[in-house]
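Engineer:
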Amino acid sequence: GAVVSQHPSWVICKSGTSVKIECRSLDFQATTMFWYRQFPKQSLMLMATSNEGSKATYEQGVEKDKFLINHASLTLSTLTVTSAHPEDSSFYICSAAAANQPQHFGDGTRLSIL
Amino acid sequence: KQEVTQIPAALSVPEGENLVLNCSFTDSAIYNLQWFRQDPGKGLTSLLLIQSSQREQTSGRLNASLDKSSGRSTLYIAASQPGDSATYLCAVGNAGNMLTFGGGTRLMVKP
Numbered sequence: 001g002a003v004v005s006q007h008p009s010w011v012i013c014k015s016g017t018s019v020k021i022e023c024r025s026l027d028f029q030a031t032t033m034f035w036y037r038q039f040p041k042q043s044l045m046l047m048a049t050s051n052e053g054s055k056a057t058y059e060q061g062v063e064k065d066k067f068l069i070n071h072a073s074l075t076l077s078t079l080t081v082t083s084a085h086p087e088d089s090s091f092y093i094c095s096a097a098a099a100n101q102p103q104h105f106g107d108g109t110r111l112s113i114l
Numbered sequence: 115k116q117e118v119t120q121i122p123a124a125l126s127v128p129e130g131e132n133l134v135l136n137c138s139f140t141d142s143a144i145y146n147l148q149w150f151r152q153d154p155g156k157g158l159t160s161l162l163l164i165q166s167s168q169r170e171q172t173s174g175r176l177n178a179s180l181d182k183s184s185g186r187s188t189l190y191i192a193a194s195q196p197g198d199s200a201t202y203l204c205a206v207g208n209a210g211n212m213l214t215f216g217g218g219t220r221l222m223v224k225p
């Protein structure tokens with residue numbers, strides 16, 4: 001089946017640093033990748049959608065300059081949380097989909113900002 | 115704007131019980147509906163995907179039904195086991211392969 005790898009699974013860093021999260025589709029070409037954020041005991045909230053080679057489309061309320069998304073190839077998308085602060089601490093999940101196919105999800109990244 | 119609601123938010127049952135999780139959505143113009151399982155601190159595992167033209171899907175002890183006109187789906191779990199304990203998420207698929215998630219049902223199956 002389709003496999004999506006997300007790395008790192010857990011990261012702890014100091015306030016003010018930038019953190020990069022990678023999302024890779026291992027055995028298929030992902031024309032679209034999605035980034036979600038999940039707070040404890042809450043559901044997934046879509047942050048942005050990215051298509052390979054295009055700029056990401058951000059959901060209302062998500063800061064583009066804060067959460068930089070790059071989708072440079074059909075198998076890799078990255079989310080960079082810039083100048084992270086404690087309120088950015090959350091569980092971030094990516095998903096990837098081939099054209100007209102269901103989304104396949106990564107295992108998530110737990111981000112803790114001290 | 116599509117809104118997805120799951121009831122109950124939490125459920126605790128003894129092992130062996132059959133149970134039903136409910137999902138409702140406001141806009142019936144959907145492409146598909148998926149049920150996912152999420153273990154604590156983990157990503158999502160797809161359980162069942164129902165296309166908009168289908169009424170139900172089955173996998174092992176799981177059965178999901180879809181009534182698009184009334185905006186409802188149910189996930190039926192037969193003979194529940196402690197290993198079924200997890201959060202179950204319902205997600206409605208819309209245009210552009212976008213998913214709208216419900217708030218989830220946290221299930222605890224006690225031995």
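Protein sequence lines, in the order shown, are assigned to chains A and B.
Here the working numbering is used: the first residue of the first sequence is 1, the next is one more, and so on.
Here the working numbering is used: the first residue of the second sequence is 115, the next is one more, and so on.
In this text, a Cβ means the ideal position worked out from N, Cα and C, and glycines have one as well.
Computed from a predicted structure; not experimentally measured.
1) Rounded to a whole number of angstroms, what is the C-alpha to C-alpha distance between S15/A and Y92/A?
2) Does the pairing of the stretch 47-66 of chain A with the stretch 165-172 of chain B give three or more beta-carbon distances under 8 Å?
3) Within a Cβ cutoff of 7 Å, which residues of the same chain sit near N51/A, ignoring the five residues on either side of it in sequence?
4) Does DSSP put G197/B in a helix, a strand or coil?
5) When you compare the CB positions of V134/B and T188/B, do they come within less than 8 Å of one another, or not?
6) Assuming the contact rule is C-beta atoms closer than 8 Å, Y145/B and A205/B should be a hit. Round their C-beta distance to whole Å, please.
7) Just to confirm before moving on: does the CB-CB distance between W10/A and R110/A stay below 8 Å?
8) Rounded to a whole number of angstroms, what is the C-alpha to C-alpha distance between S167/B and S184/B?
9) For G130/B, count neighbouring Cβ atoms within 10 angstroms of its own Cβ and tell me buried if that reaches 16, exposed if not.
10) Taking the CB atoms as reference points, tell me whether S43/A and F215/B lie closer together than 8 Å.
11) Please classify L223/B as buried or exposed, where buried requires at least 16 neighbouring CB atoms within 10 angstroms.
12) With H, G and I counted as helix, E and B as strand and the rest as coil, what does DSSP make of P86/A?
13) DSSP three-state call for G207/B: helix, strand or coil?
14) Note down the Cα distance separating A123/B from Y190/B, rounded to an integer number of angstroms.
15) Tell me, please, which residues DSSP counts as bridged to R175/B.
16) K55/A by DSSP, collapsed to three states: which one?
17) Looking at the structure shown, is K224/B part of a helix, part of a strand, or coil, going by DSSP?
18) Looking at C-alpha atoms only, which residue of S138/B, P128/B, V127/B is the closest neighbour of Q120/B?
19) Please tell me whether Q148/B and G217/B are closer than 8 Å, where the distance is taken between their beta carbons.
20) Got a sec, what are the start and stop residues for the beta strand (DSSP E) Q165/B sits in?
21) Put A124/B into one of helix, strand or coil per three-state DSSP.
22) Could you name the residues of chain A that F215/B contacts, counting a contact when the two beta carbons are closer than 7 Å?
Structural biologist: The short version:
1) 17 Å
2) no
3) T31, T32, H71
4) Here DSSP, grouped into helix, strand and coil, assigns G197/B to helix.
5) Result yes, Cβ atoms of V134/B and T188/B sit closer than 8 Å.
6) Their Cβ separation, rounded to whole angstroms, is 11 Å, which puts Y145/B and A205/B out of contact at 8 Å.
7) yes
8) 14 Å
9) exposed
10) yes
11) According to the sequence shown, residue 223/B is Val rather than Leu. Flag for V223/B reads buried.
12) helix
13) strand
14) 16 Å
15) Paired residues: none, contrary to the question.
16) coil
17) Secondary structure of K224/B (DSSP, three-state): strand.
18) The candidate whose alpha carbon is nearest that of Q120/B is S138/B.
19) For Q148/B and G217/B, no; Cβs fall outside 8 Å.
20) 158-165
21) strand
22) S43, L44
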